[in-house]
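With my numbering as the guide, the letters of the sequence shown map in order to residues 145 to 1227. C-beta: ideal position from N, C-alpha, C; glycine also. These notes concern the structure reproduced below.
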Amino acid sequence: MCAGAAPALEKAFAFGCYNVVCPTANVPAVNYTMVLHAGNDLATSDFLAYDPGRGWGYVALFPDDLGNNGYNRFAGASVLGAIFDNTPNNRNAIPDVAGRPLTQLYDSFIGAKNFAATCSAAVVGDYVTPCAEAGIAPQGILFRVDVPNGKYRFVAVSGSPDYRHASRILVEDGGEDAPPDRIGSHVVLVSNYDVAQVCPPGTPAGRPYPYARVGFGCYVPPAHPAVIFINMDEHGLQTGGPPASPTLTVTRGHIRVHQLQANSNDGPCGTRDPSGGDLILLEVWNVGDAAIPPGVFAADVRRTIDPPLHEPGATVAVTLASLGGADPVKVEETIPAGYGVADRGGGTLAGGVLTFNLAGGAAATYTIRPDAGFIGSGIIDGVVSAPGACETPSLIGDAVVNCAGALSPAGGVREMLVIGPVDLGADAGPACDDNGNLAATDYLTDGSVTERTVLAKEGDAIAPAFGAAAGGIGVQTVNVGNTALNPGAAAGILTVWKAAANADGTIDFNAAENLAPIADIVDFVVYAIVYLENTTAACKNVVLVVGSDDAQKTLVNGRLAHVSAACRSIGPDGTGDLIPATLFPGKNIVAIAVVERAGDTKVRLIVRNPDGTAVADGSVRYGLAPPAAYPSVPPFTVTRAIDPARVMPGGTVAVTLAVAELTEPIAIVETFPPAYAVAGAGSGTVDAAARTITFAAAAGGALAYTLRAPASFAECPCGAAAFEGTATASGGCAVKAVSGDAAVACEMPAPACPKPAGAADYELVAAFAFGTHPDLPAGDWCASHNDAAFPFTIVEQIAGNPASIRYTADGGYGYEACYPAYAQDPLTPYGNRAGWEIYGPIDESPNDRAVAFGPGCAEALYDSFIGGKSFLGVCDATVVGNTVDPCPTPEGIVFRADVPEGEYRFVLAAGDAENPHAHRILAEDGGSGPPGTIGAHAVLVAGFDQGRYGIGLTDPARPGEAVYARVGFDGRIPPPADGIAPDPVFVNMDAQGLPTAGCAESPVLAVSSGYVRIHQLQFQQNLGCGGLDAARAGGDLVVLELWRMQEGGTEYVYVLMGNVNTDGKVDIADAIALLGYLFGGGT
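Structure, rendered in structure tokens:
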């Protein structure tokens, strides 16, 4: 802030389509108020209109003209000709080097377009006279701001970042609904600013264009490193001095900002664009009568590096030029590592920093030279300062010093050889990968030389065997403007050409110097090839970062390293597929094939170290001259075999490594899964802490070792446990992954135990199979595994027929309708499920799975079930607090079976073949109502989340599918698997309904009500190795058998040992609980 009395900021506005929060530079505690042009619609035009309540907005000169989505009200086209530019100007022209809010602030504006009259030098007589002074009626839009009376100066920015608009900005004291041609007392902020005329020296005729800047003293808009300003003086004219806003005395309690048409002409920045009156920022400052001295504004400095790409050992000239102004600046240049100063050019050198004091408009040149043997690149880090200036000048222009063959400081490859484009002859497909053919198709081969063996140089001719060995139908010529690239295209000959990349390594194939499309070139493939030279004497591990538009495959030294099948843009600088690679000493061949379906076509190659930093030390160079031959990669292979792939806890696993095609010794490092231990190392060396076993192989053959699985299933890794292995030869350059079997899994023991001696006799009273089985025969087609004379009764769920499963007294079984129908009570808790809601949260869609268990009895039963879904409450560990307790509110469906009174035990299977659901199953003696009213009951399945059991055999991606909770007793179990893949997998439930590695032990339920109700309830669903089903479904019942103890039988006696009261501890409380059970009627 300058010395003297401080003006007061009355209002601050930012104009455009980005709703950002951005502080003013002069009062950082005050943010700009967004004059938000969010859309081309009536609601937005309503918002932009002047509102007396808030005290700002655009003046509706024609309030009744709501055409053009309401925008005509601001400047009726039928009257003035000018219209509000109703399309939100969401530009993307300014590099985001200062944070998104500030960048977006300068990347948008509000202005006018479609002026009725032409205003140019041909009409006015020169390039600077305003239109109105040549008799052309002022046209534009008016922005009103209510302010107290007083004296005001202004801070403002006008212009467009990417269109050559012309603007004239005036501020009027008051004024009501009068159009611009009847302006009263006013000042001129911007007299006539034509973007096409104002490319400052050294500025390329490209985006972003400079802006007109209004200010006073040190009060200026926020600085942005990528934005160039041209100052306006007190008359609104361009000046090389500081900005100097005029002063307006306000007597009417408001101001009107006139955003007007200006004198627009072709100029150094390009062809005229007659739209304009653009406003980006406006600050209204109450300055009173205090004198505010002019601010000191030093000019920016431009750096130029010549040549931009130098040969090793060559001298590089660096020029620093002040872009004007009268005030001196200080420039401090830090010379990059690997370079030294050859000529200081009048600067002072100290500690690798070269310092200059530049007068306004002056220039200085110094030279640097790479150190002996250095082949790399670097960034000159410069700092500009101007003591006493209102703002810090910017250092713009070149920054990177590049040695020919050196990667950029970001690790980017600067140029590549190109072969193509090859016409695919068909749509590239939904994944832009030649309809899945990209990985396996060679688009270059002539039958002998292939994409894996080609060693090309610029100008070589390649004749692929199109229609035979090579993919594609020929050289693509349609819409290719640069026909000189492939002069033999008509004969099917591709000529190798060269394309340059930017500093980040991006090549735009559609650039004018490359394909130069006449119109969109579609459905083709193009190869980019470069030779990366590892200048060290050892192998070098790198990460290739490959960006592409669209799909790509990368080959390194003839081996397919990566395929990315996707229609995509190339993405921001520095992004792409991360491809680990090992570079041999000397030259290595990297070939990238890019498939383009339509639109932009680009490729980017960056070389990084494994830690993610750029390779910029000269250890890797790029070149376009091929080596004499591809690096020699030994042909060895190592293949792993695991037996068995599924092991019982405590069992052993035999691992065999088959070594073949060995031409030199290799080292093999195997990393085995956690929790497994080496039982036999063979000839390997074990590092137990790292879980590795290392072998040295000098000849082909077999190497073997054995592992021991954890002692219990609980200690096993969840799901399939992976092996990793690498084989290394050639001093570490040739690294190959061990192929073959890659995982082992523990099996959950699920024994089918025989009936214990002296156990009570039970009779099968009822047997049910649940779901839909439309392809199975009618009648008694499938009987109980435990009683071949007792067929299952099918509880058949028929689509669209809720009554198909409803309990009836005549049938003696079915689901209870615990809830009113939706039509009867719209407030029924489970909504409208087409009549099924009477049962509660039932899965109303018959579940006929496609796993294809079976066919026939009885395994096909596991392909269906009846269960619940879309429970009202979420139930997982975050809600319950652990992974074992039931949900806080019981939700589910209730199946009823009428049975004689007596003591009952149960056989059942619960689960889903295609989703990892979660289940809780209870059996109640009689009862009525929904699950929350349950009476005396036994717990058959306390809680079984399939997602926590990654042992299924049907889907490796979600191995919790087709894993079933199994309830049984005395050797009685649901139908077992038939041994024909795929098979269902079972987890036994103990007498408390908990998973066990022992025998299935159903509890006993005393039935005195003449019927049993089976509650199929929601249970916790958590992400586990078996997968997660987000549908909140479960309580699935597949089969159910009810067994009654025969008259005169011996009552079943539980043998309770250890943690009897299930509190997680073994102590005196367990003895008390056991006595209570035996003698006190406890449970």
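Can you tell me the Cα-Cα spacing of residue i and residue j, whole angstroms?
i        : j        : result
Val-882  : Asp-1127 : 29 Å
Ala-201  : Asp-290  : Sequence inspection shows Gly at residue 201; the Ala mentioned does not correspond to that position. Taking the straight line from one Cα to the other gives about 9 Å.
Thr-177  : Ala-158  : 6 Å
Gly-1036 : Gln-1160 : 5 Å
Thr-188  : Val-272  : 35 Å
Ala-570  : Phe-1088 : 51 Å
Gly-876  : Val-782  : 16 Å
Ala-550  : Ile-750  : 12 Å
Glu-1195 : Ala-904  : Legend: pLDDT at Glu-1195 = 46, less than 50; position of this residue unreliable, value from coordinates given subsequently. So the alpha carbons of these two residues sit roughly 6 Å apart.
Val-1023 : Thr-1033 : 11 Å
Ala-152  : Ala-494  : 45 Å
Thr-972  : Pro-985  : 11 Å
Gly-294  : Met-376  : 23 Å
Ile-637  : Asp-590  : 11 Å
Ala-1004 : His-1061 : 19 Å
Cys-166  : Pro-245  : 6 Å
Ala-349  : Pro-239  : With a pLDDT of only 45 at Ala-349, under the threshold of 50, the placement of this residue in the model should not be trusted, and no figure is reported.
Ala-1086 : Pro-999  : 31 Å
Ile-540  : Glu-740  : 36 Å
Arg-217  : Pro-324  : 14 Å
Gly-767  : Pro-574  : 35 Å
Ala-370  : Glu-1058 : 56 Å
Val-101  : Gly-522  : Because the chain in this structure spans residues 145 to 1227, residue 101 falls outside the shown range and cannot be described.
Ile-512  : Ser-552  : 18 Å
Ala-660  : Ile-812  : 51 Å
Asp-586  : Ser-529  : 57 Å
Taking 9 Å as the threshold (beta carbon to beta carbon), is residue i in contact with chain B?
i        : result
Ile-1158 : Of the protein chains in the structure, only one exists, and it is not chain B.
Across which residues does DSSP place residue i in a beta bridge pair?
i       : result
Ile-238 : Looking at the DSSP assignment, Ile-238 forms no beta bridge with any residue, so it has no partner.
Ser-883 : Thr-783
Arg-950 : Tyr-959
Lys-474 : Asn-501 and Ser-529
Arg-308 : Note: Arg-308 sits in no beta bridge, so no partner.
Lys-731 : Glu-677
Cys-890 : Val-791
Pro-352 : Answer is none; Pro-352 lacks a bridge partner.
Gly-490 : Answer is none; Gly-490 lacks a bridge partner.
Thr-872 : Ala-811 and Val-879
Leu-425 : Ala-158 and Val-301
Gln-405 : Ser-311
Going by Cα to Cα distance, which pick from the options is closest to residue i?
i        : options                                  : result
Gly-1096 : Arg-1064, Glu-1045, Asp-1056 and Ser-928 : Asp-1056
Gly-649  : Phe-816, Glu-1105, Tyr-983 and Gly-556   : Gly-556
Cys-534  : Val-624, Asp-1173, Asn-170 and Leu-699   : Asn-170
Val-686  : Asn-626, Pro-788, Asn-753 and Val-1148   : Asn-753
Ala-507  : Ala-614, Gly-482 and Ala-465             : Ala-465
Arg-784  : Thr-870, Leu-1084 and Lys-746            : Thr-870
Gly-319  : Ala-266, Arg-400 and Val-371             : Arg-400
Glu-868  : Glu-891, Pro-900 and Ala-834             : Ala-834
Val-1228 : Gly-1094, Thr-594, Ile-327 and Leu-502   : Beyond the ends of the chain as shown, which are 145 and 1227, falls residue 1228; an answer cannot be given.
Asp-652  : Glu-455, Gly-730 and Met-560             : Met-560
Ile-429  : Ala-461, Ala-443, Arg-446 and Thr-393    : According to the sequence displayed, residue 429 carries Trp and not Ile. Comparing Cα positions, the closest option is Thr-393.
Ala-705  : Ser-1072, Ala-798, Ser-713 and Ala-583   : Ala-583
Cys-576  : Gly-1137, Ser-692 and Ala-614            : Ser-692
>> Ignoring anything shorter than 3 residues, give me the beta strand (DSSP E) runs that lie fully in the segment 653-724, in order along the chain.
In response: Positions of the beta strand (DSSP E) runs, each at least 3 residues long and wholly inside the segment 653-724, are given as 668-678, 684-693, 696-700 and 703-708 in order along the chain.
> Curious, which full-length beta strand (DSSP E) runs of at least 3 residues does the segment 810-844 contain?
Replying inline: Complete beta strand (DSSP E) runs here, min 3: 810-815, 821-824, 829-831 and 836-841.
> Does the count of Cβ pairs from the segment 899-914 and the segment 828-847 closer than 8 Å reach three?
Replying inline: Touching, no.
> What are the start and end residues of each continuous alpha helix (DSSP H) run of 4 or more residues lying completely inside the segment 1138-1189, in chain order?
Replying inline: For the segment 1138-1189, not a single whole alpha helix (DSSP H) run of length 4 or above is found.
>> For the structure I just gave you, are there three or more beta carbon pairs, one from the segment 1169-1184 and one from the segment 1006-1024, closer than 8 Å?
In response: Yes: at least three Cβ pairs fall under 8 Å.
>> What ranges does the beta strand (DSSP E) occupy inside the segment 970-1034, keeping only unbroken runs of at least 3 residues that lie completely in it?
In response: The segment 970-1034 contains these whole beta strand (DSSP E) runs: 1010-1013.
> Does the count of Cβ pairs from the segment 305-319 and the segment 409-422 closer than 8 Å reach three?
Replying inline: Yes: the two stretches touch, three or more of their Cβ pairs being nearer than 8 Å.
>> For a minimum of 3 consecutive residues, which ranges assigned as the beta strand (DSSP E) are wholly contained in the segment 1047-1074?
In response: The qualifying runs are 1062-1069.
>> I'd like to know if the segment 260-270 and the segment 378-387 are in contact, where contact means that at least 3 CB-CB pairs between them fall below 8 Å.
In response: Three or more beta-carbon pairs separated by less than 8 Å are not found between the segment 260-270 and the segment 378-387, which leaves the two stretches without contact.
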